[in-house]
Amino acid sequence: CFRHLMALFPSAVLIHEAGHLQYVNPAAQRLFGADAVEMLLSRTVLDLLHPDFHAEAQHGWQRNRQEREACSRAARLKIRRMDGKCLDAEVNEVAFTDAEGKYLHLIVVRDITERSQAEEALREREALYRSVIAAADGVAYQTDAHTGAYAFLSGEIEKLTGCSANEFTLQSWVDLEGASFMRGGMEGLHVGDAIGLHREGTLPYWKADTRYRHRNGEWRWVSDSSVAMFAPGGKYLGSMGILLDISPRN
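Position one of the sequence shown corresponds to residue 548 (this note's numbering), numbered consecutively onward.
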């Protein structure tokens, strides 16, 4: 019954005892590129892991054998196919004692290579975006509606306000006596009303100029431009934008 169920399971499943494979399902055979299940059973789990993760795996198995307790863990690591190609994988592992007293590990492996590549591409785009903004003496930021705080704020904020990124918060604009004025076709709109429209999606782009007192006592102006971010269901998540010093033109 178990083997029939695992044969239908879409993710790779492996069972091993101290690193020695006892069972693999057809999905594992496909994931690791084995011509037959027997090819995998003749290997150890370490043969299927990137060398960078060998020490961590062996340490975990040794600790579990000593404690002999049921336990579970999840991790992201690199696996190695039969052809030597490495893939990014998400692994969920459960250790247990079977009816015969054997201490076994059941591992479920999912290929997340495409997701990892997409995440890396996103990180590279974000880094480029921040570099371009920094080159223009701008400040990149992202707010989190759930926490009511900055999820990200680039270090250039210190030059702009005199406050470091670690200490600067949304409340800091109030502390710096900030006063905002809408622009971009929204002149005359009360800031409080604009915030409500922005968060409900009626006003997807935010454009405002803010007059504030720099920590050194000087009065300055900053241009704030951002876009609202929403979850698939329409829930407001926060905003992502850029702050630019426009003091010379005011």
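Backbone N, C-alpha and C define an ideal beta-carbon position, used for all residues, glycine too.
Could you have a look at residue i and say whether DSSP puts it in helix, strand or coil?
i           : result
residue 556 : coil
residue 594 : helix
residue 625 : strand
residue 730 : coil
residue 511 : As displayed, the chain neither begins before 548 nor continues past 797, which places residue 511 out of reach and without an answer.
residue 582 : coil
residue 761 : coil
residue 756 : strand
residue 631 : coil
residue 785 : strand
For residue i, I'd like the list of residues in its chain whose CB is within less than 7 Å of its CB, leaving aside the five on either flank, ordered along the chain.
i           : result
residue 773 : 753, 786, 787, 788
residue 750 : 741, 744
residue 581 : 587, 629
residue 702 : 712
Mind checking which residues open and close the beta strand (DSSP E) that includes residue i?
i           : result
residue 571 : 567–571
residue 777 : 766–777
residue 793 : From DSSP, residue 793 is part of no beta strand (DSSP E); its letter is neither H nor E.
Which residues in the same chain as residue i place their Cβ atom closer than 8 Å to its Cβ, once the five residues preceding and following it in sequence are excluded?
i           : result
residue 756 : 727, 728, 730, 768, 769, 770, 771, 793, 797
residue 778 : 784
residue 696 : 690, 716, 717
residue 625 : 596, 597, 599, 600, 633, 634, 635, 636
residue 604 : 566, 592, 593, 596
residue 646 : none
residue 553 : 560, 570, 572
Report all residues from its chain with a CB closer than 6 Å to the CB of residue i; omit the five preceding and five following residues, and keep chain order.
i           : result
residue 576 : 584
residue 718 : none
residue 623 : 637
residue 738 : 727
residue 791 : 685, 770
Verify the CB distance criterion: does residue i have a CB-CB separation below 7 Å to chain C?
i           : result
residue 684 : Although the question refers to chain C, the structure presented lacks it and comprises just one protein chain.
Between the stretch 732–746 and the stretch 699–710, can you find at least three pairs of beta-carbon atoms closer than 8 Å? no
Quick check: the stretch 622–636 against the stretch 651–663, are there 3 or more CB pairs under 8 Å? yes
At what residue ranges does the stretch 637–691 contain a whole run of the beta strand (DSSP E), taking only runs of 3 or more? 650–658, 685–691
Check whether the stretch 550–567 and the stretch 638–656 are in contact - that is, three or more C-beta pairs closer than 8 Å. yes
In chain order, what are the residue ranges of uninterrupted beta strand (DSSP E) at least 3 long that sit wholly in the stretch 693–741? 696–700, 726–729
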